[in-house]
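Undergrad: Below is one structure. I have some questions about it.
2 protein chains.
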Amino acid sequence: MEFRLIDRLQALTAQARDDVRLGIGDDAALLAVPAGQELAVAIDTLVEGVHFPRGTAAADIGWKALAVNLSDLAAMGATPAWALLALTLPVQPAEAQQALVDGLADGFAQLARSHGVALVGGDTTRGPFVLSVAVHGFVPPGQALRRDGARVGDLVFVTGTLGDAAAGLQRLAPSPDPDEEKRRVALRARLNRPEPRVAAGLALRGRASACIDVSDGLLADLGHVCMASGVGAELVAPMLPLSSALLGCCDEAAARDYALSGGDDYELCFTVPPARAGEVQADLARLGCGATRIGRIVAGDGVRVRDADGQWLTPVRSGWDHFPDETARP
Amino acid sequence: MEFRLIDRLQALTAQARDDVRLGIGDDAALLAVPAGQELAVAIDTLVEGVHFPRGTAAADIGWKALAVNLSDLAAMGATPAWALLALTLPVQPAEAQQALVDGLADGFAQLARSHGVALVGGDTTRGPFVLSVAVHGFVPPGQALRRDGARVGDLVFVTGTLGDAAAGLQRLAPSPDPDEEKRRVALRARLNRPEPRVAAGLALRGRASACIDVSDGLLADLGHVCMASGVGAELVAPMLPLSSALLGCCDEAAARDYALSGGDDYELCFTVPPARAGEVQADLARLGCGATRIGRIVAGDGVRVRDADGQWLTPVRSGWDHFPDETARP
């Protein structure tokens, strides 16, 4: 390919990592996993028009492609180390392509540097606009946060706030009202620049009984934990952590729906035995993201939600299908 | 996603690998690299209409997506272990989608099983038809085959035969002539079902001074070795290994051009000090792929080709740009 994205990314993400024995430029990278550590690996794809709207800033796309993958490592309690990038880009005029590539590289590299992640390999091809990133991290044997460890009686927590990204997705156009615009910008930032909860994941090792990142929506993702653990969960809607930006731009019922079913928040949802809840909350508060108790694990299966008045809610949908597909063929 | 490709692939590729501590189904896989081994990792993408023509059999696509990646490991002398698959597929009627997914899974799994590769993670999304595969293998520290070790005086070899895949790409339509059709089928098989030279790569460890797989075309790929090693190469055109299928369907000059500039052969091109050439050739002959001496490393830079009469050839192009793009935007 003519566009030198990988070279540019390599320059921007050059990390002084002793464990990269041979980086970009050969048929494969050569890497050394630290003795006594297991390797955690994940891969995730972003497709234009499916995972980000056409017109999204290139730097946001580059950031997000790495962020959604680091979020997977965070959910395992792994320390990020290396990334691979497979980028497919349409042929376009040189100037536009250079701007796109520079933006992608800048956003990707900015997040990579902040987590000490080295780009060790990549592939660039022409075609529709699709990015796949694979990430690698380390975790001591037996200490990874899995989905299958939730037990009846555990408390359910979530970091940060929920629903912001989904609400941001509905607010593409700037608002003439300054307060509304400020909220819109805050929500859009949650959508475009998710902060993978890596430090929180590390703090949860040895404490959380199960963990997952909220990418498809709380109900769907906690549902995966329940399924894997053979348990059910009961949530209390008024306990869901909602940002002031979200509450400022819709009523509480709509905010709750965003929080339950919206995706792309990349917070961690985890379960903790009650005896450990206090220390976990204190530690995550110190890390800045905080952790809010939102329910508990019960016998049975599935996720049920109780409203403020104690009534069971019937969610309209159990997940979030991103936004109307711009690329699907008929 | 509704299509259960990853589940199906998991079932088909389930390997009894002790080093997979946690496979598909959580936020990341947990893997154990054997003590004292380095990890070799690579990623490659196939795009419909760019890397394979529309209408290619699904099983061939699944096979090739893994094969091009295993070829990268082969070129490093690494033993394959694990793969990740990121698949983007258009929305289509359920029956067609199921057939496509089944075919992809069958082809991928067939090759994975033959190399003991476990699929440990994946991601499926809707969008244009794009597959990215990341592979992981093991290599003892310091023994990987790199591009930068070629030395003046080394001999240049290539496994198997060259040019078949590129010639096959020009022959989409069946021929009414039975002999011509037999040749066409053989050439198409080289294009659609490349055999990664994993065993050859392992046999070259500690012997070859440099190695690369021929994916973009011999001139381009050997050019990468020369660039990385700070040397030049002289090839002798009549020494290029050409299959009877290729020679049967075009004249020798055309066959030579396919061999020099055609891509997608996935043979290994490597350099060996003269003293080791005999043993290497004998070992690769025993492995079935053979190795043909095609030239030597010289001082200088770039790759030059001498014809039968000793004249220097001037290649029209120094690489192979796949085939006319079906997907590029204007």
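Just so you know, the sequences run in chain order A and B. Under my numbering, the letters of the first sequence match residues 1 to 330, in that order. Under my numbering, the letters of the second sequence match residues 331 to 660, in that order. We treat Cβ as the ideally placed atom computed from N, Cα and C, and that holds for glycine.
Between the segment 350-375 of chain B and chain A, which residues of the former have CB atoms less than 8 Å from a CB of the latter, in chain order?
TA: Hits within the stretch, in order: Arg351, Leu352, Gly355, Asp356, Asp357, Ala358, Ala359, Leu360, Leu361, Ala362, Val363, Ala365, Glu368, Leu369, Ala370, Val371, Ala372, Ile373, Asp374 and Thr375.
Undergrad: Three-state secondary structure (DSSP) at His224/A?
TA: Against the first sequence, residue 224/A aligns to sequence position 224. The answer is helix: DSSP assigns His224/A an H, G or I state.
Undergrad: Is the distance from the Cβ of Val198/A to the Cβ of His136/A below 8 Å?
TA: As a position in the first sequence, residue 198/A is number 198, starting the count at 1. As a position in the first sequence, residue 136/A is number 136, starting the count at 1. Result no, Cβ atoms of Val198/A and His136/A do not sit closer than 8 Å.
Undergrad: So with CB distances below 9 Å, who are the chain B contacts of Asp339/A?
TA: Examination of residue 339/A is not possible in this model, given that chain A is present from 1 through 330 alone.
Undergrad: Whole angstroms is fine: what's the gap from Thr657/B's alpha carbon to Ala167/A's?
TA: Indexing the second sequence from 1 puts residue 657/B at position 327. Indexing the first sequence from 1 puts residue 167/A at position 167. Caution is warranted here: a pLDDT of 35 is assigned to Thr657/B, below 50, making its placement in the model unreliable, and the coordinate value is therefore given only provisionally. Approximately 33 Å, taken between the alpha carbons.
Undergrad: What does the Cβ neighbour count give for Glu2/A, buried or exposed, with the cut at 16 atoms within 10 Å?
TA: For this step, residue 2/A is matched to residue 2 along the first sequence. At Glu2/A, the pLDDT of 46 sits below 50, so the modelled position is not reliable; the number obtained from the coordinates is stated separately. Under this definition Glu2/A is an exposed residue.
Undergrad: Compare the C-beta of Pro383/B against all C-beta atoms of chain A and say whether one is closer than 8 Å.
TA: To locate residue 383/B, count along the second sequence from 1; it is residue 53. So no, Pro383/B is outside the interface.
Undergrad: Between which two residues does the alpha helix (DSSP H) holding Pro274/A run?
TA: Reading the first sequence from its first residue, position 274 is the one you call residue 274/A. Pro274 to Leu287 is the span of the alpha helix (DSSP H), which, as asked, contains Pro274/A.
Undergrad: Does the distance from the CB of Val460/B to the CB of Pro128/A come in under 8 Å?
TA: In the second sequence, the residue the question calls residue 460/B occupies position 130. In the first sequence, the residue the question calls residue 128/A occupies position 128. Yes, Cβ-Cβ distance for Val460/B and Pro128/A is below 8 Å.
Undergrad: Using the C-alpha atoms, what's the distance from Asp44/A back to Ala464/B?
TA: Start at 1 with the first residue of the second sequence, and residue 464/B comes out as number 134. Start at 1 with the first residue of the first sequence, and residue 44/A comes out as number 44. In a straight line, the C-alpha of Ala464/B is about 11 Å away from that of Asp44/A.
Undergrad: Let me confirm a value: Gln641/B is counted as buried when at least 16 other C-beta atoms fall within 10 Å, else exposed. Which label applies?
TA: Position 311 of the second sequence, counted from the start, is the residue given in the question as residue 641/B. Exposed, by the Cβ-count rule.
Undergrad: Among residues of its own chain, excluding the 5 on either side of Leu532/B, which ones have a beta-carbon nearer than 7 Å to its beta-carbon?
TA: Looking up residue 532/B in the second sequence gives position 202. Correct list, in chain order: Gly407 and Thr409.
Undergrad: Along chain B, in chain order, which residues have C-beta atoms closer than 9 Å to that of Leu73/A?
TA: The residue labelled residue 73/A in the question sits at position 73 within the first sequence. Correct list: Asp357 and Ala358.
Undergrad: Does any residue of chain A bring its CB to less than 8 Å from the CB of Met406/B?
TA: Here residue 406/B corresponds to residue number 76 of the second sequence, with the count starting at 1. Closer than 8 Å: yes.
Undergrad: Look at the Cβ atom of Arg626/B, then the Cβ atom of Asp453/B, and state whether they are nearer than 8 Å.
TA: If you number the second sequence from 1, residue 626/B lands on position 296. If you number the second sequence from 1, residue 453/B lands on position 123. No, Cβ-Cβ distance for Arg626/B and Asp453/B is not below 8 Å.
Undergrad: Can you tell me where the alpha helix (DSSP H) with Leu441/B in it begins and where it stops?
TA: As a working mapping, residue 441/B is identified with position 111 in the second sequence. Here the alpha helix (DSSP H) through Leu441/B covers Ala424 to Ser444.
Undergrad: How long is the line joining the alpha carbons of Ala585/B and Ala605/B, rounded to whole angstroms?
TA: In the second sequence, the residue the question calls residue 585/B occupies position 255. In the second sequence, the residue the question calls residue 605/B occupies position 275. Computed Cα separation, rounded: 31 Å.
Undergrad: Just to confirm, are Gly475/B and Ala405/B a CB contact at a threshold of 8 Å?
TA: On the second sequence, residue 475/B is found 145 positions in, with the first residue counted as 1. On the second sequence, residue 405/B is found 75 positions in, with the first residue counted as 1. Note that residue 475/B is Leu in the sequence shown here, rather than Gly. Their beta carbons are under 8 Å apart, which means Leu475/B touches Ala405/B by this criterion.
Undergrad: Who are Leu138/A's beta bridge partners in DSSP?
TA: Mapped onto the first sequence, residue 138/A falls at position 138. Reading the sequence as shown, one finds Phe at residue 138/A and not Leu. The partner list for Phe138/A (beta bridge, DSSP) reads Leu39/A and Thr79/A.
Undergrad: For Leu342/B, which of helix, strand or coil comes out of DSSP?
TA: In the second sequence, counting from the first residue as 1, residue 342/B sits at position 12. Of the three classes helix, strand and coil, the one that applies to Leu342/B here is helix, per DSSP.
Undergrad: Can you name, in chain order, every residue of its own chain whose Cβ lies under 6 Å from the Cβ of Asp639/B, other than the five neighbours on each side?
TA: The residue labelled residue 639/B in the question sits at position 309 within the second sequence. Excluding residues within five positions, none has a Cβ falling inside 6 Å.
Undergrad: How many Å lie between Ala359/B and Ala173/A at the Cα?
TA: Here residue 359/B refers to the residue found at position 29 of the second sequence. Here residue 173/A refers to the residue found at position 173 of the first sequence. Rounded to whole angstroms, Ala359/B to Ala173/A spans 39 Å at the Cα level.
Undergrad: What is the rounded straight-line gap between the Cα of Ala416/B and the Cα of Met569/B?
TA: Taking the first residue of the second sequence as 1, we reach residue 416/B at position 86. Taking the first residue of the second sequence as 1, we reach residue 569/B at position 239. For Ala416/B and Met569/B, the distance between alpha carbons rounds to 40 Å.
Undergrad: Any idea which residues DSSP pairs Gly295/A with across the strands?
TA: Taking the first sequence and counting its residues from 1, one reaches residue 295/A at position 295. Looking at the DSSP assignment, Gly295/A forms a beta bridge with Val156/A and Leu235/A.
Undergrad: In angstroms with no decimal places, state the Cα-to-Cα distance between Cys269/A and Leu218/A.
TA: Taking the first residue of the first sequence as position 1, residue 269/A is located at position 269. Taking the first residue of the first sequence as position 1, residue 218/A is located at position 218. So the alpha carbons of these two residues sit roughly 8 Å apart.
Undergrad: Give me the Cα-Cα distance between Gly592/B and Cys556/B, rounded to the nearest whole angstrom.
TA: To locate residue 592/B, count along the second sequence from 1; it is residue 262. To locate residue 556/B, count along the second sequence from 1; it is residue 226. Approximately 19 Å between the Cα atoms of the pair.
Undergrad: Would you say Asp631/B reaches chain A, if we count a Cβ-Cβ gap shorter than 8 Å as a contact?
TA: The count along the second sequence starts at 1 and reaches residue 631/B at position 301. No, Asp631/B lies away from the interface with chain A (no Cβ there is under 8 Å from its Cβ).
Undergrad: For Asp507/B and Leu572/B, I'd like the C-alpha separation in whole angstroms.
TA: Taking the first residue of the second sequence as 1, we reach residue 507/B at position 177. Taking the first residue of the second sequence as 1, we reach residue 572/B at position 242. The alpha-carbon atoms of Asp507/B and Leu572/B are separated by roughly 22 Å.
Undergrad: Using CA coordinates, which residue listed in Ala426/B, Gly433/B, Glu597/B and Ile354/B is at the minimum distance from Leu316/B?
TA: Because chain B in this structure spans residues 331 to 660, residue 316/B falls outside the shown range and cannot be described.
Undergrad: Interface residues of chain B around Pro128/A at Cβ under 8 Å?
TA: In the first sequence, the residue the question calls residue 128/A occupies position 128. Under the 8 Å cutoff, chain B gives Val377, Gly457, Pro458, Val460 and Thr657.
Undergrad: Who are the Cβ neighbours of Asn192/A in its own chain at under 6 Å, not counting the five residues just before and after it?
TA: Taking the first sequence and counting its residues from 1, one reaches residue 192/A at position 192. Around Asn192/A: Asp60.
Undergrad: Suppose the cutoff is 8 Å on Cβ atoms and the five residues either side in sequence are ignored; what does the same chain contact list for His224/A look like?
TA: By 1-based counting over the first sequence, the position of residue 224/A is 224. Hits under 8 Å: Arg147 and Ile212.
Undergrad: Could you run through the segment 201-212 of chain A and flag, in chain order, every residue whose CB is less than 9 Å away from some CB of chain B?
TA: Per Cβ criterion, the list reads Cys211 and Ile212.
Undergrad: Report the option in Val486/B, Gly620/B, Ala615/B and Gly437/B whose CA atom is closest to the CA atom of Ala567/B.
TA: To locate residue 567/B, count along the second sequence from 1; it is residue 237. If we check each option's Cα against that of Ala567/B, Val486/B comes out closest.
Undergrad: Specify, as a first and last residue, the run of the beta strand (DSSP E) that Ala210/A falls within.
TA: Along the first sequence, read from residue 1 onward, the residue named residue 210/A stands at position 210. Ala210 to Asp213 is the span of the beta strand (DSSP E), which, as asked, contains Ala210/A.
Undergrad: Give a yes or no on whether the C-beta atoms belonging to Glu38/A and Ala362/B are separated by under 8 Å.
TA: One-based indexing of the first sequence puts residue 38/A at position 38. One-based indexing of the second sequence puts residue 362/B at position 32. Against a cut-off of 8 Å, the Cβ pair of Ala362/B and Glu38/A comes out as a contact.
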